[in-house]
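Each remark here refers to the structure printed beneath this line.
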Amino acid sequence: MDNDWMPYANEPEPPQGQLIPFITSPPQLCEEVIKLLGVTEKDKIIDVGCGDGRIVISAVELTHCKGVGIDINQDLIDGCIKEMNEKKLNTYLHFQVDDFSRPDFDFYQCDCVCFYFVPRIIKMMKPKVLEYLRADHSRRCVSIRFPIKNIIPTKVNEAMKLYYYDWQSKEGKYGTNEDDCLLPAF
Numbered sequence: 001m002d003n004d005w006m007p008y009a010n011e012p013e014p015p016q017g018q019l020i021p022f023i024t025s026p027p028q029l030c031e032e033v034i035k036l037l038g039v040t041e042k043d044k045i046i047d048v049g050c051g052d053g054r055i056v057i058s059a060v061e062l063t064h065c066k067g068v069g070i071d072i073n074q075d076l077i078d079g080c081i082k083e084m085n086e087k088k089l090n091t092y093l094h095f096q097v098d099d100f101s102r103p104d105f106d107f108y109q110c111d112c113v114c115f116y117f118v119p120r121i122i123k124m125m126k127p128k129v130l131e132y133l134r135a136d137h138s139r140r141c142v143s144i145r146f147p148i149k150n151i152i153p154t155k156v157n158e159a160m161k162l163y164y165y166d167w168q169s170k171e172g173k174y175g176t177n178e179d180d181c182l183l184p185a186f
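Following full-length UniProt numbering, the numbering of the sequence shown begins with 1 at its first residue and continues without gaps.
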């Protein structure tokens, strides 16, 4: 995987009606997210901003866990539902149009959270994510590509740029000012 690959780097804003552009995750990245989160059949995983749903679909196929995918784009959710039905995974998966920025968003009570967001969106989510992780010691989270600034990850997969957080993740200097400059760039 080429870590310098940065689609949308020169785009001033994401597409209308979206907070960030949709980027597909390669299968190897999906597998590494699932592995780093330690997803088991007893878990429930949510991909916040799931796009085409491939991370939660992969998690269900690999571990037989439960999965939730949310996105604000109805067309993407429709595609996820079609894929879920074709693979006969509808007893394990749930896809829904939802907006994680709403004040009462609760991560659907999932054990495992993952997202692939740009720094400005991660900054907006940071308090909600930390509160959620600290409320239950079994909860864990992976941020793809960008860390949660000034929170030290419990684990890091540098090769894939995956940052793992749980209730033990502490505040401290982590991330760079360069991250703040990237708007919709991945």
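C-beta: ideal position from N, C-alpha, C; glycine also.
In the structure shown, R139 adopts coil according to DSSP, grouped into three states. In this structure, the beta-carbon distance from V60 to Y108 does not fall below 8 Å. Restricted to the UniProt domain "Methyltransferase" (41-114), the beta strand (DSSP E) segments that are unbroken, complete and at least 3 residues in length are 44-48, 66-71 and 93-97, listed in chain order. Here Y165 is not near I144, since their CB atoms are 8 Å or more apart. Shortest Cα-Cα distance from V97 to any of D43, C50 and T154 involves C50. Excluding sequence positions up to five before and after K126, its CB lies within less than 6 Å of the CB of I148, all in the same chain and listed in chain order. Residue pairing from DSSP places N157 in a beta bridge opposite L162. Bounds of the alpha helix (DSSP H) holding P27 are P27 to L37.
Close CB contacts of L89 within its chain, under the 6 Å cut and outside five residues either way in sequence, are with V60 (chain order).
Beta-bridge analysis with DSSP links I151 to E171.
Apart from sequence neighbours up to five positions away, the residues of its chain that approach K66 with a beta-carbon distance below 6 Å are K44 and Y92, ordered along the chain. Per the Cβ contact rule, the stretch 155-165 is in contact with the stretch 20-36 (3 or more Cβ pairs under 8 Å). If you compare the alpha carbons of K128, R120, I23 and L29 with that of P103, the shortest gap goes to K128.
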